[in-house]
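Engineer: Numbering of the sequence shown is given in the numbering used here, commencing with residue 85 and proceeding in unit increments. Got a structure for you, written out below as structure tokens; questions coming shortly.
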Amino acid sequence: AGGQDWTPVKGSVLCHACYCRYKKRGTLERYHGEKHWDESGRKCSNDNCDQPHRTHKFVEIDGDTTAGGQDWSALVGCTLCHACYQRYRLRGRLDRVGDPAAL
């Protein structure tokens, strides 16, 4: 499965997450540090983003975006990091709840 050499894990019982990781990457090692971040040079459009270049996924907002039932029209054309996208999708706002800068 997955074109991997399964000899190193032969006879092992793997949880679903470890099985999928090995099937996809051929290793049980988790990514740590910089290897996990997007290195495309893109940047989150949220000016208040804590880490605008460090994310595993960027989402480009277009006129068809309707995630979370939010009104995305003010963000059309923006690129959001995964954290900012999820924050807006869940709360309808980009500022962090309880952030002193947002008060």
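In this text, a Cβ means the ideal position worked out from N, Cα and C, and glycines have one as well.
Excluding the 5 residues flanking Y106 on each side, which residues of the same chain have their C-beta closer than 8 angstroms to its C-beta?
Structural biologist: The count along the sequence shown starts at 1 and reaches residue 106 at position 22. The answer, listed in chain order, is G86, Q88, W90, V93, L98, L112.
Engineer: How is the beta strand (DSSP E) around Y98 delimited, first residue to last?
Structural biologist: The residue given as residue 98 occupies position 14 in the sequence shown. Here residue 98 is Leu; the residue named in the question, Tyr, does not match the sequence. Looking at the DSSP string, L98 is not in any beta strand (DSSP E), and its letter there is neither H nor E.
Engineer: Measure how close the beta-carbons of T149 and W156 come, nearest whole angstrom, since I'm counting them as under 8 angstroms.
Structural biologist: Here residue 149 refers to the residue found at position 65 when the sequence shown is read from its first residue. Here residue 156 refers to the residue found at position 72 when the sequence shown is read from its first residue. 4 angstroms between Cβ atoms; contact.
Engineer: Relative to the alpha-carbon of A151, which residue among C165, F142, Y169 has its alpha-carbon at the smallest distance?
Structural biologist: For this step, residue 151 is matched to residue 67 along the sequence shown. Among C165, F142, Y169, the Cα nearest to that of A151 is on Y169.
Engineer: In the DSSP output, what is E144 paired with across the bridge?
Structural biologist: Within the sequence shown, numbered from 1, the residue matching residue 144 stands at position 60. In DSSP, E144 forms a bridge with T163.
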